[in-house]
Amino acid sequence: MHAFKYHRPSSVNDAAALAKGEAKLLAGGQTLVQTMKLRLASPSDIIDLGTIKDLAGIKSDGKTVTIGAMTRHADVAHSADVKKAIPALAALAGMIGDRQVRAMGTCGGSIANNDPAADYPAAAMALNATITTNKGKYEAEKFFKGMFTTALGAGEIITSISFQVPKRAAYTKFKNPASRFAIVGVFVADFGGSVRVAVTGAGPSVFRQADMEKALSAKFAPESVANIKVKQDGLNSDMHASAEYRAHLVTVMAKRAVEAALK
Amino acid sequence: MAVKVSLKVNGKSVSAEVEERTLLVTVIREHLRLTGTHVGCDTAQCGACTVSMNGKAVKSCSMLAMQAEGADVMTIEGVAKPDGTLHPMQAAFKEHHGLQCGFCTPGMVMNAIDFAKSHPNPSESEIREALEGNLCRCTGYHNIVKAIGAGAKAMAAGK
Ligand SMILES: Cc1cc2nc3c(=O)[nH]c(=O)nc-3n(C[C@H](O)[C@H](O)[C@H](O)COP(=O)(O)OP(=O)(O)OC[C@H]3O[C@@H](n4cnc5c(N)ncnc54)[C@H](O)[C@@H]3O)c2cc1C
Ligand code: FES
Ligand code: FES
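Protein sequence lines correspond, in order, to chains A and B.
Using our numbering, the first residue of the first sequence is number 11, and each one after it goes up by one.
Using our numbering, the first residue of the second sequence is number 437, and each one after it goes up by one.
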């Protein structure tokens with residue numbers, strides 16, 4: 011790991027003032043520390059968000075569940091409020107990596123990183139989330155731009171993510187057995203006739219599956235998606251799964267997610 | 437540049453002069469000479485470096501020492517009683533032969549102790565799921581799972 015200067019700001023404003031040039035924000039470090047060890051990232055400065063109090067926490071008001079950027083995956087998974095309002099979101103957080111990673115990794119870090127196989131982006135997209143930063147607000151739709159790319163400007167800090175509460179929802183993931191990242195993960199959310207389907211792991215970045223959304227909005231049942239064939243063009247292909255296999259998995263995972271949401 | 441990090445390790449307040457990029461596991465092994473915490477992969481996969489930080493199992497190879505400033509850290513050296521009586525989870529590993537070469541064991545035990553606090557009577561599948569972040573190269577998982585089940589019950593019984 012290359013040397014850097016370490017900062018421990020006590021407010022978002024102080025953090026923003028430090029987030030200049032080659033500086034990088036540090037959340038749980040579960041991605042960034044390993045990336046720095048491999049020298050894939052060599053920031054001049056590390057700005058640790060861990061001690062900024064108001065960045066962690068969960069609020070639920072019936073319509074939305076708002077998760078502070080520094081809220082750890084384990085805290086979302088175990089939150090009584092999240093389990094009550096959006097059980098699928100608590101379940102998703104509990105499926106990330108392993109329990110040690112969940113004790114450190116954060117919602118904001120996952121959303122900011124936008125790993126093609128990460129779980130939270132699927133929830134953000136399907137639950138029509140709003141991502142709040144120190145500079146403004148983004149709809150999830152306009153936030154995830156491509157592989158490891160988001161709408162965040164240089165030094166911009168995510169402060170919280172607000173997920174809309176659906177009538178029913180479920181997330182199913184076909185895990186990479188080694189890393190537990192999604193080979194394909196599908197989040198299905200029914201907002202009472204209007205259904206959103208978000209797919210992670212399959213492509214370079216999370217995306218919505220419009221044909222499935224239309225079919226499920228007409229009739230929320232597994233058979234509505236069972237025969238929808240997903241095109242393999244542009245999907246990821248690697249040693250774990252070919253694009254053709256991933257395309258097939260999208261349909262299988264979507265069907266299982268609908269079944270789970272109906273339970 | 438050298439900076440100072442202060443934390444509690446196994447109940448004792450300690451501080452060390454470290455580089456800003458120093459990992460928590462380096463402070464534990466090289467500064468404090470507590471070499472029970474192992475480094476297996478150095479890439480967040482194997483869990484051999486698992487310690488407890490403020491009561492939660494974390495991978496000490498995957499965080500900066502500075503992230504543990506002010507924290508209460510427990511390593512494998514801190515779990516037995518001062519008179520040498522093993523922690524119930526350690527005793528269960530011994531009893532059920534939950535180790536072969538022993539390399540993964542400190543991480544297994546540290547993770548298991550944290551897990552058992554919320555799972556006093558875990559099922560086999562719950563234990564296997566809890567071990568997702570711990571690898572055993574000797575692949576003795578069967579006895580590790582048995583040991584954790586017994587250790588959790590012993591902890592709940594206050595043994
Ligand atoms: C073994 C292992 C298994 C994993 N399995 C999964 C899995 O199954 N599914 C999954 O989704 N993820 C998985 N992860 C990734 C994990 O969820 C990470 O915690 C997460 O991707 C990053 O969160 P973090 O808090 O650790 O962020 P960090 O590593 O600290 O930061 C990641 C990036 O986000 C930026 N950033 C962080 N916070 C903010 C903020 N508030 N505003 C703006 N930018 C910010 C940082 O500058 C950095 O570039 C796994 C990780 C490991 C090590
Ligand atoms: S050495 Fe830390 S996870 Fe392997
Ligand atoms: S006992 Fe040898 S690595 Fe687990």
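The beta-carbon is built from N, C-alpha and C at its ideal position, and this holds for glycine as well.
Residue closest to residue i, alpha-carbon to alpha-carbon, out of the options
i        : options                                   : result
A/Ala208 : A/Lys69, A/Val260 and A/Gln174            : A/Val260
B/Ala438 : B/Arg457, B/Thr541 and B/Ser498           : B/Arg457
A/Met135 : A/Phe153, A/Asp125, A/Gly146 and A/Thr142 : A/Phe153
B/His533 : B/Gly576, B/Ala588 and B/Gly447           : B/Gly576
B/Ala590 : B/Gly538, B/Pro518 and B/Leu522           : B/Leu522
A/Asn144 : A/Glu151, A/Val194 and A/Ala29            : A/Ala29
A/Ala150 : A/Gly118, A/Ala180, A/Gly165 and A/Tyr181 : A/Gly118
B/Lys582 : B/Arg564, B/His474 and B/Phe539           : B/Arg564
A/Ser204 : A/Phe217, A/Glu233 and A/Gln174           : A/Gln174
A/Ala127 : A/Ala253, A/Arg256, A/Ala192 and A/His250 : A/Ala192
A/Met157 : A/Leu137, A/Pro131, A/Gly163 and A/Ala220 : A/Pro131
A/Lys73  : A/Ile56, A/Phe201 and A/Pro232            : A/Phe201
A/Gly39  : A/Asp243, A/Gln110 and A/Ala199           : A/Gln110
Buried versus exposed call for residue i [16 or more other C-beta atoms within 10 Å across all chains shown]
i        : result
A/Asn23  : exposed
A/Leu50  : exposed
A/Arg206 : buried
A/His12  : exposed
B/Asp519 : exposed
A/Asp58  : buried
A/Arg112 : buried
Cut-off 8 angstroms between Cβ atoms - residues of its own chain near residue i, not counting five sequence neighbours on either side
i        : result
B/Ala592 : Ala552, Pro556 and Asn557
B/Val445 : Ile464, Leu468, Leu470, Val509, Met510, Thr511 and Gly514
A/Thr160 : Ile121, Ala122, Asn124, Phe153 and Phe154
A/Val75  : Ile68, Lys69, Asp91, Val92, Ala95, Ile96, Leu99, Ser172, Phe173 and Val175
A/Ser227 : Gly203, Ser204 and Val205
A/Asn246 : Pro126, Gly211, Ala212, Gly213, Pro214, Ala253 and Arg256
Paired residues, beta bridge with residue i - DSSP
i        : result
A/Leu36  : A/Asp58
A/Arg218 : A/Ala208
B/Ser442 : B/Ser451
B/Thr486 : B/Lys495
B/Met437 : DSSP lists no partner for B/Met437.
B/His578 : Partner(s): none; B/His578 has no beta bridge.
A/Lys30  : DSSP output for A/Lys30 lists no bridge partner at all.
Close beta carbons around residue i, own chain, < 7 angstroms, minus the five adjacent residues each side
i        : result
B/Thr541 : Phe529 and Leu535
A/Ala26  : Asn144, Gly165 and Ile167
A/Ala66  : Gly78, Met80 and Thr81
A/Ser170 : Thr76, Ile77, Gly78, Ala79 and Thr142
B/Ser451 : Lys440, Val441 and Ser442
B/Met525 : Val545, Ala548, Ile549, Ala552, Gly587 and Met591
Nonlocal neighbours in the same chain, by C-beta distance under 6 angstroms from residue i, ignoring five residues either side
i        : result
B/Ala480 : Lys495 and Ser498
A/Ala103 : His83, Val86 and Ala87
B/Ala566 : Phe551
A/Gly107 : Arg190
B/Gly476 : Cys482 and Ala484
Every unbroken beta strand (DSSP E) within the segment 95-164 of chain A, with a cutoff of 3 residues, ordered by chain
If we require 3 residues or more, the beta strand (DSSP E) runs fully inside the segment 95-164 of chain A come out as 140-143, 147-149 and 154-156.
Where are the beta strand (DSSP E) runs, 3 residues long or more, that stay fully inside the segment 221-257 of chain A, in chain order?
As summarised for the segment 221-257 of chain A, there are no continuous beta strand (DSSP E) elements at least 3 residues long confined to that stretch.
Please give the ranges of any alpha helix (DSSP H) in the segment 529-564 of chain B, keeping only runs that are unbroken, at least 4 residues long and fully inside the region.
Fully enclosed alpha helix (DSSP H) runs of 4 or longer: 541-554.
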